[in-house]
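Chemist: Dropping a structure here in structure tokens format, bear with me for questions.
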Amino acid sequence: MTGTEVPRDHPRYASLVTRHRIETGVDKGITSKQGLIAQGRGEAFDYLLGERTLPSADTAARAAAARLLLADHPVFSVNGNVAALVPGETVTLARVVDADIEVNLFNRTEERMVAIADHLREHGAEEVKGLAGDGEIPGLEHARGTVDADGIAAADVVVVPLEDGDRAEALDRMGKTEIVIDLNPGSRSPRTADVPIVDNVVRAVPNVTAHARDLADASSADLEAIVDGFDPEAALDAAEAAIRGSAFDDD
Ligand code: PTJ
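Heads up: take any position in the sequence shown, counting from 1, add 10, and you land on the numbering used here.
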């Protein structure tokens, strides 16, 4: 089945199109096989969340947009799943908030780094970082800790969708402000984040962009008020409550 063959009125249309994008990502050497497993895990949480953006995730997306607009050097970190699912949306968000895009892989190979950078360029990216690999995240073994010295290593704010918990904690220790997009509110990475967005990356990235466009003319004081008013614990608790409520709907 291809994405275009899925009828639009199919009740699981969005989910099936998403699966197809991940499959194609694997075929193109962009997404790792582990990415398929990660997608399955994400789908289970998304199903329990009702495959919708919770109000708490929307609030988080607005706080993320404000944080990105206030940043001196924001970087959007792209892995194999993100590249397959939201390449064009990532490029658009980076343009709107003036962020760098850096390929940063859990399973880093030169082939995948190049394939992902090419894929992002095909979707409009002008500059893609990550290939220099001349910086490091201290505390991680070599491949997983490799970043660009003028990219993630120098960033003040990093967007890390579907991030591994160890790396999220290591970036936190480096003093980075982290915006994590992850469907599992119990995962270590959203729990480490300054701004956890518990939502599917396919909904969250365009939503952050929409908020950033809406806030484009806001003053720094207004943006800071949005950031200061955001409560990460409350966002995680709301997502967990939605999942538990949904799991026990039939009780
Ligand atoms: O491309 P690489 O080599 O960097 O590898 C990327 C993956 C995602 C394979 C790697 O980082 C990994 O194994 O991740 P985990 O530990 O499986 O964690 C993935 C997290 O993302 C889980 O908490 C999932 O619930 C969540 N997730 C999966 N799909 C989505 C998602 N969150 C948001 N949107 C999704 N579409």
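Cβ coordinates follow ideal geometry from the N, Cα and C atoms, glycine included.
1. Counting beta carbon pairs with one atom in the region 202-218 and one in the region 61-70, are three or more of them shorter than 8 Å?
2. What residue ranges within the region 107-169 form continuous beta strand (DSSP E) runs of no fewer than 3 residues, ordered along the chain?
3. Please name the residue or residues paired with Thr100 in a DSSP beta bridge.
4. Grab the span of the alpha helix (DSSP H) containing Thr63 for me, first residue to last.
5. Where does the unbroken alpha helix (DSSP H) through Pro84 begin, and where does it stop?
6. Mapping DSSP to helix, strand and coil, what is Ala251?
7. Helix, strand or coil: how does DSSP classify Pro206 here?
8. Indicate, with yes or no, if ligand 1 has a heavy atom lying under 7 Å from the CB of Ala48.
9. What is the C-beta distance between Asp166 and Asp82, in whole angstroms, given that I count them as a contact (C-beta under 8 Å)?
10. Using a Cβ-Cβ cutoff of less than 6 Å, which residues in the same chain neighbour Val101 once the five nearest sequence positions on both sides are dropped?
11. Which of the three DSSP states, helix, strand or coil, is assigned to Glu188?
12. Mind checking Pro148: buried by the 16 CB within 10 Å criterion, or exposed?
13. If we define contact as Cβ-Cβ less than 8 Å, is Val92 a contact residue for chain D?
Modeler: On the basis of the coordinates in this document:
1. yes
2. 110-113
3. Against the sequence shown, residue 100 aligns to sequence position 90. Within the DSSP bridge table, the entry for Thr100 names no partner.
4. Residue 63 sits at position 53 when you count from the first residue of the sequence shown. Where Thr63 is concerned, there is no enclosing alpha helix (DSSP H), because DSSP gives it neither an H nor an E.
5. As a first step, residue 84 is located in the sequence shown; it is residue number 74 there, counting from the start. Looking at the DSSP string, Pro84 is not in any alpha helix (DSSP H); the run it does join, the beta strand (DSSP E), is Pro84 to Val88.
6. Counting from 1 along the sequence shown, the entry for residue 251 is found at position 241. Helix, per DSSP.
7. What you label residue 206 is simply residue 196 of the sequence shown in a count that begins at 1. Reduced to three states, the DSSP call for Pro206 is strand.
8. Stepping through the sequence shown from its first residue, residue 48 is reached at position 38. The answer is yes for Ala48.
9. Along the sequence shown, read from residue 1 onward, the residue named residue 166 stands at position 156. Along the sequence shown, read from residue 1 onward, the residue named residue 82 stands at position 72. Correct: roughly 5 Å between the Cβ atoms.
10. Looking up residue 101 in the sequence shown gives position 91. Counting only Cβ-Cβ distances below 6 Å, and skipping sequence neighbours, we find His133, Gly134 and Ala135.
11. Position 178 of the sequence shown, counted from the first residue, corresponds to residue 188. Residue state for Glu188 is assigned as strand, using DSSP reduced to three classes.
12. Here residue 148 corresponds to residue number 138 of the sequence shown, with the count starting at 1. Counting Cβ neighbours within 10 Å, Pro148 comes out exposed, since fewer than 16 surround it.
13. This model lacks chain D altogether, as it is built from one protein chain only.
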